[in-house]
Amino acid sequence: MSLKSPAPPAPAPEAPYRAPRRVGFSQTLSRWDVKVSPYLYISPFFILFAVTGLFPLVYTAVVSLHQWTLLGGQGDFVGFQNYIDVFNQPNFWKSLRNTFSIFLFSSVPQVVVAIAIAALLDQNLRARTFWRMGVLLPYVVAPVAVGLIFGRLFADQSGLINAWLGAIGIDPVKWHVDVIPSHIAIASMVNFRWTGYNALIFLAAMQAVPRELYEAAIIDGAGRMRQFFSVTVPQIRSTIIFIIITSTIGGLQIFDEPRVYDEYGTGGADKQWLTTTLYLYDLGWGTQANFGRAAAVAWLLFIVIIAIGLVNFAITRRISSGDAPKMTRNQRRAYARANAARRNR
Amino acid sequence: MRTTSRKFIAATAGAASIALLATACSTGGGGGNAEETTDPNAKITLTVATFNDFGYTDELLAEYTKLHPNITVKQTKAAKSDDARQNLTTKIAAGGAGLADIEAIENDWLVELLQVSDKFLDLKDPAVDGRWPDWKNAAATSTDGRLIGYGTDIGPEGICYRTDLFEKAGLPTDRAEVAELIGGDSATWDSYFDAGKKFVDETGIAWFDSAGALWQGMVNQVEYPYENEDGSVKPLADNTEIHDLYNKVLEASVDDKLSAGLAQWEQDWTAAFTQDKFATMLCPAWMTGPIKQNAGDAGQGKWDVADVFPGGGGNWGGSWLTVPASGKNTAAAKELAAWLTAPEQQIKAFENAGTFPSQIEAQKSQTLLDSKNEYFNDAPVGQIFSNRAAAITVSSFRGPNYFKIGQTITDALRRVDVDKSQDAAAGWDQAVKDFNALGL
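The listed protein sequences derive, respectively, from chains A and B. Note that my numbering has the first sequence beginning at 822, numbered continuously upward. Note that my numbering has the second sequence beginning at 685, numbered continuously upward.
Structure below.
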């Protein structure tokens, strides 16, 4: 680091008027290089983000403050009227309820099961690659295809699931009528698709856990369960947080599965499984064709996701700061090595 | 209702796609307007954007070039009507750039397009006066009197019924006698329901598939269902005409147990065709396709079509050809649209793709009248549906809020008839609440 930005050299005694100017210019260049280049290198991402992320965000905010229809385009400026209209529609609140409910039914079991599968895959299995690819297979299936297949399985009268339930003496469940069963059915589609994917990420994290920790735990007399809870889980904590955050964002934006859950795609006759994104779509492109209100919902959803993101962030910080004093031996060693290297520099 | 009709398209597309694959070579996506011109003999290319299968084959389009050597016609086909709708609405919203010279549209998007009728050429022309029944033209005419589309096909409704179940109930199975049983020429919804009660008493099997499907037929006979002539909204709470119809259909469906309680196009509905779940259904001309598809080979000969419809005639679905005003050769495009929708061409389209023609002249053509449907006991479907088309008198007014309001009622019908989570009164109360929440 210090090589590139030397302290200004003492003025050379000979030819003081020519050389410094030349050196000065290339020096300026190289200083620019040092200062500006890193930003240039990462700028493509931010330029792309500004074009594809920031601009739509701002434009959506503008749309949400106007009357704006699908075909007619921009109308009068109406201030926050669209937001008020949305708040006054009971379907908006229903959609929030459904979104959170489906999110809980999907994310919680998903993370728990994914960790369990990852722990199993982390054992010495035969045909390891086969099993690992196996759990990823559902992820390859397109969500709409998953929705169509599950829609048939969960059909109220002619569905396979109700036939199975009937075979063991349970009354058929009204999957397309009652609120909670419909959420469970939709969550099961999400879980089908994402559990294996998350399991593989957990598996990658688990394999980075130093094996000597387990050896030490075994010597201390820890059983398999104890090893899992006292070594594996603390070691992959940051991965767990990553998965929770990504599945939160995904869970709040869930669209494909409820859209194809029935043939109408409007979230059920009583809006039992209308999620917020589905509601947004229905406002903008469905019967209401009202882009203004749809944009208002988009912004409200954005704010909700940010709020939940902040909650996630706060919890994450608490966990990681709570983690600091309890450094593992390995981390301590690495920390010491890094410090030593820094001093030697 | 918009979605149901989309599903119909999807379903018929399945049946039609084989024919489509066989006959239609891709015409490519390019084309567009060659050059701006006023010279009638300048060489131009006209593009026609359709969806599914309108029955416009390359041979048919080539005939136009023979008549007008300077004009080449290219067709672009969207696989699904929804794709075509997306394309059309997006480009209209963006000012009309990139639209084809002729854009085909479907019954269910007509309402929203009429809101922006100035984006389309007014196709009124003495040359085509009297080509279509009044109700077909009225549907495509905006409040300020502009005709934005030339009609292609329609869906006149009869009653499809199960001959084997009728026999089981000791009812007549011959299609003329069944038409009489339902009420013949003076059939009403009451006479249709009365016949149903007899059937249900005998067999315990439902009379029709779904309250929502019947609603579609009933509300299409109301001249001003949800809105007044000037497009202003009728408050749903005070709309006694609609409330009475709502009560009537639910009384028959739930209290008299005439409905099988299925939601049309749902998995349970599709599966019900292979089981003995219901005996009749309202049957637009195109519905014969989905019935055949859902009932499969085992249903061959069990279905028939009766030349009768409660409350007069009924139409469900249909399409138009429009000329976007932003096109460069609008005059030539209008001429082509008029030619394509002329009875002679529409009969060829019917032969190619089975689209039932909307033109009065075409409905009298011998080719059409002679057509039979093997699957439906060789029923003379051409003759039957021509009669049904002639019986249609009312075109239900569809203003800008038609589908929004309709949705609140079809949702209520589903809650009561299919979900059984509410009774008729509670369903109506919630429909009124939903209506108020629309903030119209």
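Cβ coordinates follow ideal geometry from the N, Cα and C atoms, glycine included.
Q. Quick one: does the C-beta of Lys881 (chain B) sit closer than 8 Å to a heavy atom of the ligand MG?
A. No copy of the ligand MG occurs in the structure displayed, which carries no ligand at all.
Strictly below 9 Å CB to CB, what residues from chain B border Pro911 (chain A)? Residue numbering aside, residue 911 (chain A) sits at position 90 when the first sequence is read from its first letter. Chain B residues near Pro911 (chain A): Lys1117, Asp1118, Ala1121.
Discussion item. Please classify Ser1245 (chain A) as buried or exposed, where buried requires at least 16 neighbouring CB atoms within 10 angstroms.
Written reply: Look at the range of chain A in this structure, 822 to 1166, and you will see that residue 1245 (chain A) is not part of it.
Gly893 (chain A) CB to nearest chain B CB: under 9 Å? As a working note, residue 893 (chain A) is residue 72 in the first sequence. Chain B contact via Cβ: present.
| Contact with chain A by Leu805 (chain B), beta-carbon distance below 9 Å | Taking the first residue of the second sequence as 1, we reach residue 805 (chain B) at position 121. It does not; no Cβ of chain A falls within 9 Å.
| request: Please confirm if Lys1088 (chain B) has its CB atom under 9 Å from at least one CB of chain A. | output: Within the second sequence, the letter at position 404 stands for residue 1088 (chain B). Output row for Lys1088 (chain B): interface = yes.
Reference Trp1094 (chain A), options A:Trp1106, A:Arg973, A:Ala1115, A:Ile1075, closest by Cα:
As a working note, residue 1094 (chain A) is residue 273 in the first sequence. When only C-alpha atoms are compared, the closest one is A:Ile1075.
Between B:Ala733, B:Thr1092, B:Ile843, B:Ala863, which lies nearest to Glu790 (chain B) when the distance is taken from Cα to Cα? If you number the second sequence from 1, residue 790 (chain B) lands on position 106. Taking only the C-alpha atoms, the option nearest Glu790 (chain B) is B:Ala733.
**Request:** Flag this pair as touching only if the segment 913-933 of chain B and the segment 937-957 of chain A have three or more C-beta atom pairs under 8 Å; answer yes or no.
**Result:** no
_I'd like to know whether the C-beta of Lys1104 (chain B) is nearer than 9 Å to at least one C-beta of chain D._
No chain D is present in this structure, whose protein chains are A and B.
Report task. Compare the Cα-Cα distances from Val1065 (chain B) to each of B:Leu1053, B:Ala1075, B:Val1078, B:Thr964 and report the closest residue. Result -> Translated into positions along the second sequence, residue 1065 (chain B) becomes position 381. Ranked by Cα distance from Val1065 (chain B), the first of B:Leu1053, B:Ala1075, B:Val1078, B:Thr964 is B:Leu1053.
inquiry  = What does DSSP give as the partner residue(s) for Arg846 (chain B) in the beta ladder?
reply    = The residue labelled residue 846 (chain B) in the question sits at position 162 within the second sequence. Answer is B:Trp987.
Exercise. Hey, would you say Gly1072 (chain A) sits closer than 9 Å to Ser885 (chain A), going by beta carbons?
Worked result: Against the first sequence, residue 1072 (chain A) aligns to sequence position 251. Against the first sequence, residue 885 (chain A) aligns to sequence position 64. No, the Cβ-Cβ distance between Gly1072 (chain A) and Ser885 (chain A) is not below 9 Å.
Quiz item: Of all the options A:Thr1108, A:Arg1139, A:Leu1101, A:Val934, which has the alpha carbon lying nearest to the alpha carbon of Trp914 (chain A)?
Solution: The residue given as residue 914 (chain A) occupies position 93 in the first sequence. Measuring from the Cα of Trp914 (chain A), the nearest candidate turns out to be A:Leu1101.
Against chain B, which members of the segment 950-983 of chain A pass a CB distance test of less than 8 Å?
Gly972, Arg973, Ala976, Asp977, Gln978, Ser979, Gly980
>> Taking 9 Å as the threshold (beta carbon to beta carbon), is Ala788 (chain B) in contact with chain A?
In response: Taking the first residue of the second sequence as position 1, residue 788 (chain B) is located at position 104. It does not: the Cβ of Ala788 (chain B) has no partner Cβ on chain A nearer than 9 Å.
- Item | Separation of Phe901 (chain A) from Leu875 (chain A), as counted between CA atoms | Within the first sequence, the letter at position 54 stands for residue 875 (chain A). Within the first sequence, the letter at position 80 stands for residue 901 (chain A). Approximately 21 Å between the Cα atoms of the pair.
Notebook entry, point to check: Using a beta-carbon distance cut-off of less than 7 Å, what residues from the segment 1106-1117 of chain A approach chain B?
Noted result: Per Cβ criterion, the list reads Thr1108, Gln1109, Ala1110.
Q.
Can you check whether the C-beta of Asp1095 (chain B) is within less than 9 Å of a C-beta belonging to chain A?
A. Locating residue 1095 (chain B) in the second sequence gives position 411, where the first residue counts as 1. Answer yes: the Cβ-Cβ gap between Asp1095 (chain B) and chain A drops below 9 Å somewhere.
**Prompt:** With Gln1029 (chain B) and Leu807 (chain B) assumed to form a contact (beta carbons below 8 Å), what rounded beta-carbon distance in angstroms separates them?
**Reply:** Residue numbering aside, residue 1029 (chain B) sits at position 345 when the second sequence is read from its first letter. Residue numbering aside, residue 807 (chain B) sits at position 123 when the second sequence is read from its first letter. So it is not a contact: roughly 16 Å between Cβ atoms.
Check: Any C-beta of chain B sitting closer than 9 Å to the C-beta of Glu1084 (chain A)?
Finding: In the first sequence, residue 1084 (chain A) corresponds to position 263, counting from 1. Closer than 9 Å: yes.
Decide yes or no for the touch test of the segment 1042-1060 of chain A against the segment 988-998 of chain A: beta carbon pairs closer than 8 Å, at least 3 of them. The segment 1042-1060 of chain A, when compared against the segment 988-998 of chain A, does not touch it at the 8 Å Cβ threshold.
Distance check for Met1046 (chain A) and Ser701 (chain B), CA to CA, integer angstroms please.
Taking the first residue of the second sequence as position 1, residue 701 (chain B) is located at position 17. Taking the first residue of the first sequence as position 1, residue 1046 (chain A) is located at position 225. In this predicted model, Ser701 (chain B) has a pLDDT of only 42, less than 50, meaning its place in the structure is not dependable; the value taken from the coordinates is given anyway. Cα to Cα, Ser701 (chain B) sits roughly 58 Å from Met1046 (chain A).
TODO: Would you mind stating whether Thr1096 (chain A) and Asn919 (chain A) have Cβ atoms separated by less than 9 Å?
DONE: What you label residue 1096 (chain A) is simply residue 275 of the first sequence in a count that begins at 1. What you label residue 919 (chain A) is simply residue 98 of the first sequence in a count that begins at 1. Their beta carbons are under 9 Å apart, which means Thr1096 (chain A) touches Asn919 (chain A) by this criterion.
- Is DSSP giving Glu790 (chain B) helix, strand or coil here? For the purposes of this step, residue 790 (chain B) is taken as residue 106 along the second sequence, with counting starting at 1. If DSSP states are grouped into helix, strand and coil, Glu790 (chain B) belongs with the strands.
From the DSSP secondary-structure annotation, give me the bridge partner or partners of Glu841 (chain B). Counted from its first residue, the second sequence places residue 841 (chain B) at position 157. DSSP, once it has assigned bridges, lists B:Pro968 as partnering Glu841 (chain B).
Exercise for review: Go ahead and pull the three-state DSSP assignment for Phe877 (chain B).
Suggested key: Sequence index remark: in the second sequence, residue 877 (chain B) carries index 193 (1-based). Helix at Phe877 (chain B).
Just curious, the alpha helix (DSSP H) that Trp1015 (chain A) is in, first and last residue?
-> The count along the first sequence starts at 1 and reaches residue 1015 (chain A) at position 194. 1000-1028 is the extent of the alpha helix (DSSP H) around Trp1015 (chain A).
Item to complete: Could you tell me which chain B residues have their CB closer than 8 Å to the CB of Phe1041 (chain A), listed as they occur along the chain?
Response: Sequence index remark: in the first sequence, residue 1041 (chain A) carries index 220 (1-based). What sits at residue 1041 (chain A) in the sequence shown is Asp, not Phe. At a C-beta separation below 8 Å, Asp1041 (chain A) has no neighbours in chain B, since its nearest C-beta there lies roughly 56 Å away.
(request) Go through its chain and collect everything with a Cβ distance to Asn1120 (chain B)'s Cβ below 6 Å, but skip five positions before and after it. (result) The residue given as residue 1120 (chain B) occupies position 436 in the second sequence. Once the five neighbours on either side are set aside, Asn1120 (chain B) has no close Cβ partner at all.
Problem set entry | Simplified DSSP state of Glu911 (chain B), which is helix, strand or coil | Against the second sequence, residue 911 (chain B) aligns to sequence position 227. In the structure shown, the three-state DSSP call for Glu911 (chain B) is strand.
- Task: State the start and end residues of the unbroken beta strand (DSSP E) segment that holds His887 (chain A).
- Result: Looking up residue 887 (chain A) in the first sequence gives position 66. From DSSP, the beta strand (DSSP E) with His887 (chain A) extends over 887-890.
Judging by CA-CA distance, which residue of B:Leu798, B:Thr760, B:Val757, B:Ala763 is the nearest neighbour of Ile776 (chain B)? Position 92 of the second sequence, counted from the first residue, corresponds to residue 776 (chain B). Taking only the C-alpha atoms, the option nearest Ile776 (chain B) is B:Leu798.
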